[in-house]
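Participant: Numbering (our numbering), first residue to last: 99 to 273. Idealized CB from N, CA, C, for every residue including glycine.
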């Protein structure tokens, strides 16, 4: 991560690497400017921290964005990747990249857009291996840790993660 200062607003720069090659840079505005994003035009969209998939982990955490992925990584959760195109988009090639993963934790924002995106990813990756982590009070991952929670608190949320309900299917406990 870096900082870009031009005439006017300041931006966090988020480099997107794959196999140690820089493929894109995303920019996020800093306060007091309204939260906006921009990217280098014409560059490929990849999963942030996708190189961890080369190690063939059994479990992966997917966050809604790069900052949340960096936050989990900083907390010691190294098997984390982040979507780079927002909650409502998940490139088909990313599905292929996740084929061998047995368990996937979706750590998306609790707003409507985030949960809709998480449901769609679960549908596309497979209901049987995706689990939704519910963060409190509409927080994203970064907000959660800034509010004073630690990795042990987060592990409690992981332990409580559940699969989304599938329309038309009921479990025996619900009958």
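If you measure between the beta carbons of residue 180 and residue 168, is that distance less than 9 angstroms?
Facilitator: yes
Participant: For residue 125, which residues of its own chain have a beta-carbon under 8 angstroms away from its beta-carbon, when the five flanking residues on both sides are left out?
Facilitator: 102, 109, 110, 111, 112, 135, 136 and 137
Participant: Within the continuous alpha helix (DSSP H) that includes residue 190, where are the two ends?
Facilitator: It spans 190 to 195 - the alpha helix (DSSP H) in which residue 190 sits, taken as one unbroken run.
Participant: What first and last residue would you give for the beta strand (DSSP E) that runs through residue 161?
Facilitator: 157 to 161
Participant: Within the stretch 126 to 182, note down every full beta strand (DSSP E) run reaching 3 residues or more, in order along the chain.
Facilitator: 135 to 137, 157 to 161 and 178 to 180
Participant: Going by C-alpha distance, which of 158, 239, 114 and 150 is nearest residue 142?
Facilitator: When C-alpha distances from residue 142 are compared across 158, 239, 114 and 150, the shortest belongs to 114.
Participant: So, is residue 257 buried or exposed, given that buried needs 16 or more other C-beta atoms within 10 angstroms?
Facilitator: exposed
Participant: Taking the alpha carbon of residue 163 as the point to measure from, which residue in 226, 239 and 246 has its own alpha carbon closest?
Facilitator: 239
Participant: Below 8 angstroms, how does it come out for the stretch 201 to 210 and the stretch 119 to 133: are there three or more Cβ pairs, yes or no?
Facilitator: Verdict: no, contact absent.
Participant: Report yes if the C-beta distance between residue 219 and residue 160 is below 9 angstroms; otherwise report no.
Facilitator: With contacts defined as CB atoms closer than 9 angstroms, residue 219 and residue 160 qualify as a contacting pair.
Participant: Rounded C-beta distance between residue 193 and residue 223? I'm assuming under 8 angstroms.
Facilitator: 6 angstroms
Participant: Going by the beta-carbon positions, is the gap between residue 186 and residue 214 smaller than 9 angstroms?
Facilitator: yes
Participant: By DSSP, does residue 118 sit in helix, in strand, or in coil?
Facilitator: coil
Participant: So the beta strand (DSSP E) residue 102 belongs to, where does it begin and stop?
Facilitator: It spans 100 to 103 - the beta strand (DSSP E) in which residue 102 sits, taken as one unbroken run.
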